[in-house]
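Sequence order for the protein chains is F and X. Residue 1264 is where the first sequence starts when you use this note's numbering, and the numbers rise one by one after that. Residue 1264 is where the second sequence starts when you use this note's numbering, and the numbers rise one by one after that. C-beta atoms are modelled at their ideal positions from N, C-alpha and C, and glycine is treated no differently.
Number of protein chains: 2
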Amino acid sequence: MNPLSSPLLSDLYQFTMLQSYLEHEMEETAVFEFFVRKLPPGRNFLVAAGLEQVLDFLENLQFSPEELTWLSSRFPPHVIAYLEQFRFSGDVHAMPEGTPFFPGQPILRVTAPIPQAQLVESRIINLLHFETLIASKAARSVLVAPDKLLVDFGLRRAHGAEAGLLAARASYLAGFSGTSTVLAGALYDVPLFGTMAHSFIQAHTDETTAFEHFARSHPANAILLIDTYDTEAAAGKVVSLAKELQHEGIHIKGVRLDSGDLAAHARNVRRILDEGGLQQVTIFASGNLDEYRLHDLLSSGAPIDGFGVGTAMDTSSDAPALDCAYKLQEYAGQPRRKRSEGKATWPGRKQVYRSYDAAGRMSGDVVALEDGDAHDGEALIQPVMRNGIRVNALVPLAELREQTLAGYARLPEAMTGAAAAPAYPVNISEALQELAKTIDSKTNGN
Amino acid sequence: MNPLSSPLLSDLYQFTMLQSYLEHEMEETAVFEFFVRKLPPGRNFLVAAGLEQVLDFLENLQFSPEELTWLSSRFPPHVIAYLEQFRFSGDVHAMPEGTPFFPGQPILRVTAPIPQAQLVESRIINLLHFETLIASKAARSVLVAPDKLLVDFGLRRAHGAEAGLLAARASYLAGFSGTSTVLAGALYDVPLFGTMAHSFIQAHTDETTAFEHFARSHPANAILLIDTYDTEAAAGKVVSLAKELQHEGIHIKGVRLDSGDLAAHARNVRRILDEGGLQQVTIFASGNLDEYRLHDLLSSGAPIDGFGVGTAMDTSSDAPALDCAYKLQEYAGQPRRKRSEGKATWPGRKQVYRSYDAAGRMSGDVVALEDGDAHDGEALIQPVMRNGIRVNALVPLAELREQTLAGYARLPEAMTGAAAAPAYPVNISEALQELAKTIDSKTNGN
């Protein structure tokens, strides 16, 4: 059982409900939509991500003999027989990855026989939620530090293997320069960056020898970590070493700061390097960074060329979860609506229309019904899978990243900083409001 | 490349440092220790978890031909030749999973040639950090609601597949009753629990039919979700339905509340059920729960028998990361110490001794050197792997869980609630303090 693709990576109730759907011959078409209910505090928009992993999951979904054996001691033979044949044969509509979006807007719609559409719920949410969470967080650093090298450093405190891997993917999609996670390079072609660890310095009896060893092994791209003992003293050692090594064609690429007052150290180190003739040696900073600290460091004029952003991004530490849902909006041709307190949903299959002002910036969205409720603007939700098969060829991640960056240029200007902006206008179409009222009146007292 | 076991699930610098270690013939024994620097706000202790996954990772670590091919375009042939033969051949010492521990105390020590001990760093932190994070969070709900059914409901908002899976494992280890994540049942024998979703109710034209369908499919253990439209009205429907169905031998096991004022609804629903003769039908609650809400609900006397705890636990939402590290403490027989500002470490191989008072409760710990620095109390760190091979047979997870629960009974009483307790006494031995001073005096100006 491969945990990343096993259909058992699901909630038990998906199987108990499936059994009941089958036993009561409920296999008509269901429409589920995934959306976020509200923005985390301080956030201005979200960035859709994770679609590629969802499509991959749906395309390859099947039960292995081992999984069926495990299930067969828990579910009756007719359920096992159904699962043995199980393939996802439905349709999927979605916003392209990298699209900025807002609460109440579906970013993915699944249309399939209800036992299928229900069974895939847990993993669809698990994937879309996480990548959207991380892309939305990463976008904020990209907007705050648009001209800097931004590297995902979060693997070690990401929540497990897949979180580390998909955080590297989602942050690159959102505009990061790359990641330190090697497997993300191997699997997703995310550019790789790396420096050195304190342990490397400590394993040597003196710091200069450690620097020299590393530079000799990596003669064109060594980034030396200079905060293990005394940052400014180490910068001085880098200057001396660089002079010695340049005659051998070895060039030190940069230094990294990882502790203390990064702005003050960066200024001191820049001066030491410059006075030593090392103007081309870059300064890279890391250590508990997020978009707020990036903003402060850059506002203060700290001479830092690149940043490693780790834990705060890979865990989205100020908002480690989104209030999101995958909800039934239609069954057997009839729109459906949940009315639980504080969790009511808009019924039916929906489209999102986005308008732009004369300067090409986003000016407002309308959430409308897909059929017979057309509005001006760009229709954001497009077909991506028909009858279980992808509609389009895979778009390379680097290309999605370019599209995402182009999208940021169309955001309202107030939304491009780290600070909270006025709410973006998202209207619910009259037809959709009418439909909700009609359903409520029918189900009163249900 | 299997993301969960691939040695490429690592930071790039582990490979660039490895290259440099090899090129400079630095393959002597290194000692690294994993520890947490400080408690998250409001937490009283941490619970060690993830050791089993670390040992499994180390035992099976090797590079596949595909991985070697990928690496060979990025690293010189001598590095590839080394990696081709790579197996972890070191020793591991650790605290047993489920042990309460405190900042500054190592919970795992790796002793191995430095290229090995370094290469495994990223994944060791990734695993220990996450499971410890979740077990430590889950323990708080277990302590607050010791007699209640507690079920992990967090898969969908856990950060990816492995997070969902390991959160189920770690929370069960910490004393939860089980999980809704099916794969955690299949892979780790975690007991499974489940109810039904709103979509199941909505897919039916009326709520009673939905209840009946589900109860007929699950005649002994249906838990009916009653908040889709009107909670109290739905409870009334459950009473009528239960009377109808009992003649057929179908018994409704419980109802679930998922929105609104859970305490008020629970009281209303309990009264409706009791008046309808359904005293044995249990009330299960879910919806943005954590240990604080559990404490409030139970303090208010809300008649709730069990809780589904999801997002807040699986993301440890109030502290989604621990400030933890895997640091070099000794190389080639010499103790090492990092002195970066705010991040200094205690050098050498360490042991933790724990004392208990007359009532059998923990009264204080000493962090000491492993050799020649024995103290009274229980030595918490034990050998678990020698020369790359496990020392002990795998302990079943249910047994680890019993040990964890027994450990809670030895916590100082003030630490067993949701509120912050006085700090637990952890002392650094004199010998360890002396060693740190000696190293500092030697490396001054390094």
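query                                                                                                                                                                    : result
Less than 8 Å between the beta carbons of M1625(X) and P1583(X), yes or no?                                                                                              : no
What residues from the stretch 1343-1360 of chain X come within 8 Å of chain F, judged by C-beta to C-beta, listed N to C?                                               : none
According to DSSP, simplified to helix, strand and coil, what is G1708(F)?                                                                                               : In this prediction, G1708(F) scores a pLDDT of 45, lower than 50, which makes its location untrustworthy; the coordinate-derived value is nonetheless stated afterwards. It is coil, neither helix nor strand.
Roughly how many angstroms separate the alpha carbons of F1365(X) and V1615(X), rounded to a whole number?                                                               : 10 Å
Below 9 Å between beta carbons is the criterion; list the residues of the stretch 1420-1445 of chain X that meet it against any residue of chain F, in chain order.      : R1420, A1421, H1422, G1423, A1424, E1425, A1426, G1427, L1428, L1429, A1430, T1442, S1443, T1444 and V1445
Name, going along the chain, the residues of the stretch 1313-1344 of chain X whose beta-carbon falls closer than 7 Å to a beta-carbon of chain F.                       : W1333
If we cut at 8 Å on Cβ distances, does I1535(X) have a partner in chain F?                                                                                               : no
With which residues is H1392(F) paired in a DSSP beta bridge?                                                                                                            : None; H1392(F) has no bridge partner.
Please report whether the beta-carbon of S1462(F) lies at a distance below 8 Å from any beta-carbon of chain X.                                                          : yes
With 7 Å as the C-beta to C-beta threshold (strictly closer), list the residues of the stretch 1446-1475 of chain F near chain X in chain order.                         : L1446, A1449, L1450, L1455, F1456, G1457, T1458, M1459, A1460, H1461, S1462, F1463, Q1465, A1466, D1469 and E1470
Just to confirm my understanding: we take S1710(F), look at its own chain, exclude 5 residues before and 5 after, and list those with CB closer than 7 Å. What are they? : Only positions 1264 to 1709 of chain F appear in the structure, and residue 1710(F) is not among them; the question remains open.
Restricting to Cα atoms, I'd like to know which of R1600(X), L1552(X), R1530(X) and S1549(X) is closest to Q1542(X).                                                     : R1530(X)
Which residues in chain X sit within 7 Å of A1584(F), going by Cβ to Cβ distance?                                                                                        : R1420, T1574, T1578 and S1580
Please confirm if Q1710(X) has its CB atom under 8 Å from at least one CB of chain F.                                                                                    : Because residue 1710(X) is not part of the residues shown, which for chain X are 1264 to 1709, the question remains open.
Report buried or exposed for G1708(X), applying the criterion of at least 16 other Cβ atoms within 10 angstroms of its Cβ.                                               : Caution is warranted here: a pLDDT of 45 is assigned to G1708(X), below 50, making its placement in the model unreliable, and the coordinate value is therefore given only provisionally. Answer is exposed; the Cβ neighbour count stays below 16.
Suppose the cutoff is 7 Å on Cβ atoms and the five residues either side in sequence are ignored; what does the same chain contact list for A1408(F) look like?           : L1557, L1561 and F1570
Please report how far the alpha carbon of D1581(X) lies from the alpha carbon of K1500(F), in whole angstroms.                                                           : 42 Å
A1398(X) and L1450(X) look like a contact to me (Cβ under 8 Å); what is the Cβ gap, rounded to whole Å?                                                                  : A1398(X) to L1450(X), Cβ: 17 Å. No contact.
Tell me, please, whether the CB atom of K1301(X) is closer than 8 Å to any CB atom in chain F?                                                                           : no
Checking the sheet assignment: what are the DSSP bridge partners for V1294(F)?                                                                                           : T1374(F) and E1593(F)
Out of curiosity, what's the CA-to-CA distance linking T1701(X) and L1267(F)?                                                                                            : 49 Å
Along the chain, where does the alpha helix (DSSP H) that runs through K1500(X) open and close?                                                                          : T1494 to Q1509
If you count every other CB in all the chains shown that lies within 10 Å of the CB of R1300(X), and 16 or more means buried, which is it?                               : exposed
Please list the partners that G1523(X) has in chain F, where partner means a Cβ-to-Cβ separation under 8 Å.                                                              : S1603, E1604 and G1605
As a quick exercise: from L1525(F), D1537(F), S1480(F) and H1481(F), pick the residue whose alpha carbon is nearest that of S1503(F).                                    : D1537(F)
Could you name the residues of chain X that R1599(F) contacts, counting a contact when the two beta carbons are closer than 9 Å?                                         : S1462, Q1465 and A1466
In three-state DSSP terms, what is D1274(F)?                                                                                                                             : strand
Is it the case that the Cβ atoms of L1285(F) and Y1345(F) are separated by a distance below 8 Å?                                                                         : yes
Counting only Cβ pairs nearer than 9 Å, list the residues of chain F close to K1590(X).                                                                                  : H1461, S1462 and Q1465
Could you tell me whether the Cβ atoms of A1527(X) and L1591(F) are closer together than 8 Å?                                                                            : no
Would you kindly work out how many angstroms separate the C-alpha atoms of D1634(X) and L1314(X), rounded to a whole number?                                             : 24 Å
Is there at least one Cβ from chain F nearer than 8 Å to N1531(X)'s Cβ?                                                                                                  : no
Taking 7 Å as the cut-off, is the CB of L1455(X) close to at least one heavy atom of the ligand MN?                                                                      : With respect to the ligand MN, the structure offers nothing, as it holds no ligand at all.
Under a Cβ-count criterion, where at least 16 other Cβ atoms within 10 Å of its own Cβ denotes burial, should P1685(X) be classed as buried or exposed?                  : exposed
Could you give the residue range of the alpha helix (DSSP H) that holds S1562(X)?                                                                                        : E1554 to S1562
List the residues of chain X that S1269(F) touches, going by C-beta distances under 7 Å, in chain order.                                                                 : L1446
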